[in-house]
Amino acid sequence: RRLLWEAVQVKAMGFTNAEQLREVFLSCGMGFLLGMLGDGLRAVRRYFSPPVVIVFALDILYAATSAVTVFLFCLAMTQGQVRAYTLLAVFGGFTAYRLTVGKLTERFTDAALAFITRTSDSCERLLDALICRLKRRLSAVFRELLKTVGKMRKKAKKFSKKSPRCKPGGFA
Numbered sequence: 073r074r075l076l077w078e079a080v081q082v083k084a085m086g087f088t089n090a091e092q093l094r095e096v097f098l099s100c101g102m103g104f105l106l107g108m109l110g111d112g113l114r115a116v117r118r119y120f121s122p123p124v125v126i127v128f129a130l131d132i133l134y135a136a137t138s139a140v141t142v143f144l145f146c147l148a149m150t151q152g153q154v155r156a157y158t159l160l161a162v163f164g165g166f167t168a169y170r171l172t173v174g175k176l177t178e179r180f181t182d183a184a185l186a187f188i189t190r191t192s193d194s195c196e197r198l199l200d201a202l203i204c205r206l207k208r209r210l211s212a213v214f215r216e217l218l219k220t221v222g223k224m225r226k227k228a229k230k231f232s233k234k235s236p237r238c239k240p241g242g243f244a
């Protein structure tokens, strides 16, 4: 009779093995997602290389977001009870991500960032060369234009010396 009462009590509180296993798998998935979020932030930090203060702020933001997310996840999954095995499962999912997919993601991110850096450097050099070429051509055009304006100015001076001058009271 006592064993039957304990079985009923455990089932009423939601501690069945199937539910616990489901919570563990979902918690591992949550840890996996938090690992992906951390990798995304790490890639952004590597590409932009912000100052130390911004890196510190991003780390604090990530930790706070992760803590609140895990807490709310645990509350939603376990009907308001934070259970130790769900927290351990989240940590296990995060660790599994970092040791498996995280290593591959890190290599891929490094390669992609190196490619982006090389490509942007090449584009920058090409753009610089185009701007220099355009600058040289425009300066040559402006030099010719200034020479032409100078010649026209000289001709205008010669012409003004030859033409009759107007008097203030009327025509000459």
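Residue numbering for the sequence shown is 73 to 244, as defined by this note's numbering. Every residue, glycine too, gets a C-beta built ideally from N, C-alpha and C. These numbers come from a predicted model, not from an experiment.
Distance, residue j Cα to residue i Cα
i    : j    : result
V173 : V116 : 18 angstroms
K219 : L210 : 14 angstroms
K175 : T181 : 10 angstroms
E196 : M108 : 32 angstroms
D111 : A212 : 52 angstroms
V221 : L198 : 34 angstroms
A90  : G164 : 19 angstroms
V154 : R190 : 48 angstroms
F145 : V125 : 30 angstroms
S232 : M224 : 12 angstroms
Residue environment, residue i, which counts as buried when at least 16 other CB atoms sit within 10 Å
i    : result
S121 : exposed
A139 : exposed
Y169 : buried
C204 : exposed
A201 : exposed
E256 : Past the boundaries of the shown model lies residue 256; the chain is included only from 73 to 244, so the question cannot be answered.
S99  : buried
Reduced DSSP category for residue i - H, G, I as helix; E, B as strand; rest coil
i    : result
V154 : coil
S121 : coil
E172 : Residue 172 is actually Thr in this sequence, not Glu. Coil, per DSSP.
T88  : coil
Interface flag, residue i vs chain B, CB-CB below 7 angstroms
i   : result
L93 : Here chain B cannot be found, since the structure has a single protein chain.
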